[in-house]
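Number of protein chains: 2
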Amino acid sequence: MAKRRIRLGVSMIGLGYHLAAWRHPDAPAGGNMELPHFVRVTQAAERGLFDMAFLADGVGIRFHDEPKGALCRTSKNVQFEPLTLLSALAMVTRRVGLVATASTTYNEPYHVARKFASLDHISGGRAGWNVVTSVTDMEARNFNRDKAPGYDVRYDRAAEFVEVVRGLWESWEDDVFVRDKESGINYRPEGLHVLDHQGPHFQVKGPLNVARTPQGAPVIVQAGASDQGRELAAATADVVYAAAQTLADAQAYYRDVKGRMARYGRDPDHLKIMPGLMAVPGRTRQEAQDRYEALQQRVDPLVGLAALANYLGDLSGYDLDGPVPEPPNRRMHSRAQIFLDIARRGNLTIRQLYLSIAGGNGHRLVIGTPADIADAMEEWFHQDAADGFNILPPWLPGGLEDVVDMVVPELQRRGLFRTAYEGMTLRENLGVAPATHRRAEARKRAAMAAALGSAAQ
Amino acid sequence: MAKRRIRLGVSMIGLGYHLAAWRHPDAPAGGNMELPHFVRVTQAAERGLFDMAFLADGVGIRFHDEPKGALCRTSKNVQFEPLTLLSALAMVTRRVGLVATASTTYNEPYHVARKFASLDHISGGRAGWNVVTSVTDMEARNFNRDKAPGYDVRYDRAAEFVEVVRGLWESWEDDVFVRDKESGINYRPEGLHVLDHQGPHFQVKGPLNVARTPQGAPVIVQAGASDQGRELAAATADVVYAAAQTLADAQAYYRDVKGRMARYGRDPDHLKIMPGLMAVPGRTRQEAQDRYEALQQRVDPLVGLAALANYLGDLSGYDLDGPVPEPPNRRMHSRAQIFLDIARRGNLTIRQLYLSIAGGNGHRLVIGTPADIADAMEEWFHQDAADGFNILPPWLPGGLEDVVDMVVPELQRRGLFRTAYEGMTLRENLGVAPATHRRAEARKRAAMAAALGSAAQ
Ligand SMILES: Cc1cc2nc3c(=O)[nH]c(=O)nc-3n(C[C@H](O)[C@H](O)[C@H](O)COP(=O)(O)O)c2cc1C
Ligand SMILES: Cc1cc2nc3c(=O)[nH]c(=O)nc-3n(C[C@H](O)[C@H](O)[C@H](O)COP(=O)(O)O)c2cc1C
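Residue numbers (full-length UniProt numbering), protein chains in the order written: chain L, 1 to 457; chain P, 1 to 457.
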């Protein structure tokens, strides 16, 4: 069996993951909507042999202007729509996986199934779908609602949504299109499967009007930490994008999610758990620290307070240098608890808390030499806390290029990371299960049984 | 004033517009889902200085398997999703416009506004949206419904849908993103407009999370021939994709739609009416005719009947070589009437009728020398029947390459067609009105009035 190796993704949200990324001296003048910027980022990821480049997404601005005046001091405003952007980036890359976030809350499964299938064809089998539920009321208001639906409704809909999408991806068998110009037969009719889904949220007839894709089915990524989120991941995901700060928390999460998989008859190896990791390498620890500090100093206090307000409510009535109070208006998000844990654990002031999350937003942060960062990865990787990492560069593209040029070679030296892509598709590179075609298999089993039966007569 | 010139688009649906296109000897073996095929098609359109390449779309298979066994003898089954495909094609072209169809019937305006805005950014201002209402029950069944909603509901929703999308495209003023790294101001808050739309179909708060696009707003194309469709076009479209067979019909349509524009305070010149035109050039008339005949002979009778069934209901109980009966199950579509008119006008048999629409599907068909085709265009162009044409190549890419290599030079010789692109954006090339930003203008007027007022004090 091949040696187990670390999987790497990169989150390429805008100009970087850090709140002040857009104020970095190297940040492109055109901001979040400069196409060459994203070309450079994905090409760097591919040069670094990353499994995938990952686009978070919201169907609306997801940052409260609270305290007022904060929003215009952030770059949390505009961005490319992920499916269109990744389709464009597919044309300037050859191997790196392309993962887009699409919400199950305000979408229709038929549209989502089509778009990801289409991206999988365009990219030659490199598409992935990060399945999320939309949690903010700000997004709800763009879709005929005042408030986001509650947890159970959102996750119930999400589970059915994924089921419908996977069903639609099985509309056509792999080898159904014979396209015989002479006889005039374009496809073999027995290889077309009509889904006819009738569920509480969705009634979807099908078939999908996109052929079976190069990967069979795009990779499914799940990002959600609650009980419902974990169950959805155990049932259907190939990758989990997780958030944990400590080894113990990550181990508990890893054990819990992998443990749930048996219920679905799945091999735990077929779900890659990849926590977010803000990695800030420098040739020396001091250089790394200085780089990070330069960004930290650019966090406007208004923006820091707003970053907290998004999870804990507005704390601007409290002393910035006093303790973090019991949150006045805590929001429905697993990260609210992570932030409170950070504050309690470190006994932090409000200012210290927002500075501590300005970079990683609740994800793990490692600042140091390439060896320090490789050590940090290796520890979690070898101690059942992670199968890989979703790298969150504080600024882009420099923060990613540093990881590619400094950390990747160190991981390779240790035999922890590939030195060439293993396959052509994202599934192959990740080493997750090939997509099965349950309907085709059932049809073929039935045909074989019928043939054996008639032979026995 | 610049000389009025013919506008050209090309419909690049699958392997060509003709029912038997996929059986053409040159049709790519990979069928409708081969990316290099579409690269070649759009690059040919750009070489021919076409205004735009156009993708029709359905949110489901839109072809009845009636009589049974017909569907698998067509290529009306799978295709790329248009927004993803055009985003990819934007990377391998520089000037040609990229127009995708998106239905207003089963979509949300926020999603549609985002995707087209994103494509406009990716392509540097070359995006267009073909606004349609989804008419088939087959599509309805993919979206929790049994049947498509009736005309009035569909068009009522479509009109409000377009209004919301255009409003969302005005979320940000052009020069709002100052991105001042020193002061920490990312955008000027007064340049952000919150739509807050409250209508019968949609309640959409906004703002859009995509910046104002290079074109200001993607070009709006409308394809719909009913009274409601014409009104929508007169109110909001930059281009109409029409269908007419005779000069008189085209003139009546042209006059009617342009006549409706005054009601909306619009200049008739700012709406380009582009009927579909299946053009089949050959070096001689005989060669052209032979090319077309070779395809006609590949129309399976089952497929021919099915093509009729989609509009008139199943005629397979009748004699193929007998007259066209009163249709048993006529569908809600303006093209049903066009087909009946064709049959009555020519006194056609069922076989003759399906053969007469197998190519152009109700659009005008011209087979001949480059001069014949240029004559046919010139006539309509000069006699108030068309501002340009949406070319429907019977097969692709050859059928388009023939037009580019033979007909375009003839049009240029006559001074009827550009010899170089006029501008960078689709709007500039089409010569339609620049997109205004009504909210920005209102704000600036108010600010100026306030300044004058205080100066006068
Ligand atoms: C690591 C991580 C990344 C996420 N990325 C997105 C995203 O890009 N877009 C989005 O709308 N929601 C995103 N979510 C939100 C989840 O889908 C979910 O709504 C939210 O986490 C609340 O559910 P939970 O308590 O199960 O985590 C993300 C969540 C996590 C934990
Ligand atoms: C030339 C033309 C092209 C059209 N293209 C599409 C298309 O690509 N997808 C679609 O769903 N409907 C398409 N339609 C359908 C229209 O949006 C509309 O639903 C249909 O024509 C019925 O309305 P009408 O009677 O106003 O034409 C097209 C219609 C016309 C006339």
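Heads up, the beta-carbon is just placed ideally off N, CA and C, and yes, glycines get one too. In this text, all values refer to a predicted model and were calculated from it rather than measured experimentally.
Between the Cα of residue i and those of the options, spot the shortest distance and give me the residue it belongs to.
i	options	result
LEU195 of chain P	P:TYR187, P:PRO207, P:GLU160 and P:LEU430	P:PRO207
SER134 of chain L	L:ALA262, L:ALA56, L:ASP321 and L:ASP387	L:ALA56
ALA358 of chain L	L:VAL162, L:ARG266 and L:GLU293	L:GLU293
LEU41 of chain L	L:LEU89, L:THR436, L:ARG7 and L:ARG179	What sits at residue 41 of chain L in the sequence shown is Val, not Leu. Measuring from the Cα of VAL41 of chain L, the nearest candidate turns out to be L:LEU89.
ALA117 of chain P	P:ASP65, P:GLY191, P:CYS72 and P:THR213	P:THR213
HIS363 of chain P	P:PHE417, P:LEU271, P:ALA336 and P:VAL164	P:ALA336
TRP161 of chain L	L:PRO434, L:HIS201 and L:GLY150	The residue asked about is misnamed: residue 161 of chain L is Phe in this sequence, not Trp. It is L:HIS201.
PRO189 of chain P	L:CYS72, L:ARG94, L:ASP120 and L:ALA233	L:CYS72
GLN203 of chain P	L:ASP156, L:ALA140 and L:ALA250	L:ALA140
PRO370 of chain P	P:ALA223, P:ASN347, P:PHE339 and P:ASP405	P:ASP405
VAL210 of chain P	P:SER183, P:ARG345 and P:HIS193	P:HIS193
ALA239 of chain L	L:ALA20, L:ARG445 and L:VAL432	Per the sequence shown, the amino acid found at residue 239 of chain L is Val instead of Ala. Ranking L:ALA20, L:ARG445 and L:VAL432 by Cα distance to VAL239 of chain L puts L:VAL432 first.
MET377 of chain L	L:ALA235, L:GLU34, L:PHE177 and L:GLN245	L:GLN245
GLY125 of chain L	L:ALA449, L:THR425, L:LEU452 and L:GLY453	L:THR425
Do the CB positions of residue i and residue j come within less than 8 Å of each other?
i	j	result
LEU353 of chain L	VAL324 of chain L	yes
LYS205 of chain P	GLU81 of chain L	no
TRP169 of chain P	LEU295 of chain P	no
TYR241 of chain P	ASN130 of chain P	yes
GLY9 of chain L	VAL403 of chain L	no
HIS197 of chain P	GLY229 of chain P	no
MET261 of chain L	MET91 of chain P	no
LEU430 of chain P	ARG7 of chain P	yes
residue 468 of chain L	ARG418 of chain L	With chain L running from 1 to 457 in the structure shown, residue 468 of chain L is simply not present.
ASP137 of chain L	LYS147 of chain L	yes
LEU86 of chain P	ALA100 of chain P	yes
GLN383 of chain P	GLN251 of chain P	yes
PRO67 of chain P	SER316 of chain P	yes
THR74 of chain P	LEU19 of chain P	yes
VAL78 of chain P	ASN142 of chain P	no
LEU15 of chain P	ALA29 of chain P	no
PRO109 of chain P	VAL59 of chain P	no
ASP120 of chain L	ILE273 of chain L	no
ALA307 of chain P	ILE367 of chain P	no
So which residues on chain L does residue i lean against when the C-beta distance must stay under 8 Å?
i	result
ASP300 of chain P	GLY184
TYR241 of chain P	Those within 8 Å of TYR241 of chain P in chain L number zero; the least Cβ separation is about 21 Å.
Could you list which residues in chain P have their beta carbon closer than 8 Å to that of residue i, in chain order?
i	result
ALA29 of chain L	ARG179
LEU35 of chain L	HIS121 and ILE122
Name the chain P residues that come within less than 7 Å of residue i, Cβ to Cβ?
i	result
GLN203 of chain L	ASN144
ARG439 of chain L	Simply none; closest approach about 16 Å.
ARG141 of chain L	LYS205
VAL106 of chain L	Per the sequence shown, residue 106 of chain L should be read as Tyr rather than Val. Those within 7 Å of TYR106 of chain L in chain P are GLU108.
Can you name the residues of chain L whose CB is closer than 7 Å to the CB of residue i?
i	result
GLY216 of chain P	Ordered by position in chain L, no residue passes the 7 Å Cβ test against GLY216 of chain P, which lies about 15 Å from the chain.
PRO189 of chain P	CYS72
If the cut is a Cβ gap below 9 Å, which residues of chain P does residue i touch?
i	result
GLY60 of chain L	TYR110, LYS205, GLY206, PRO207, LEU208 and ASN209
Would you mind telling me which residues of chain L sit closer than 9 Å to residue i, beta carbon to beta carbon, in chain order?
i	result
VAL92 of chain P	MET91
TRP22 of chain P	ARG179, LYS181 and ASN186
Between residue i and chain A, is the shortest Cβ-Cβ distance under 8 Å, so that the two count as touching?
i	result
ARG4 of chain P	Given the protein chain composition of this structure (L and P), no chain A is represented.
Which complete alpha helix (DSSP H) runs does the region 421 to 456 of chain L hold, if anything under 4 residues is left out? Complete alpha helix (DSSP H) runs here, min 4: 426 to 430 and 438 to 456.
Alpha helix (DSSP H) segments (min. 4 residues) lying fully within the region 243 to 292 of chain P: 247 to 259
Name, going along the chain, the residues of the region 115 to 132 of chain L whose beta-carbon falls closer than 7 Å to a beta-carbon of chain P. For the region 115 to 132 of chain L, the set of positions with a beta-carbon nearer than 7 Å to some beta-carbon of chain P reads LYS115, SER118, LEU119, HIS121 and ILE122 in chain order.
Residues of the region 73 to 88 of chain P in Cβ contact with chain L at a cutoff of 7 Å, in chain order, please. Within the region 73 to 88 of chain P, the qualifying residues are ARG73, THR74, SER75, ASN77, VAL78, GLN79, PHE80, GLU81, LEU83, THR84, LEU85, SER87 and ALA88.
If you measure beta-carbon to beta-carbon, which residues of the region 155 to 174 of chain P are closer than 8 Å to chain L? So the close ones are TRP172.
Fully enclosed by the region 28 to 63 of chain P, which beta strand (DSSP E) runs are 3 residues long or longer? With a minimum length of 3 residues, the unbroken runs of beta strand (DSSP E) contained wholly in the region 28 to 63 of chain P fall at 52 to 55.
Only counting runs of 4 or more residues, tell me where the alpha helix (DSSP H) segments fall wholly within the region 389 to 422 of chain L, in order along the chain. If we require 4 residues or more, the alpha helix (DSSP H) runs fully inside the region 389 to 422 of chain L come out as 398 to 402 and 408 to 413.
For the region 75 to 110 of chain L, list the alpha helix (DSSP H) runs that are entirely contained and at least 4 residues long, ordered along the chain. 82 to 90
Give, in chain order, every unbroken run of the beta strand (DSSP E) that is at least 3 residues long and sits entirely within the region 118 to 198 of chain L. 127 to 132
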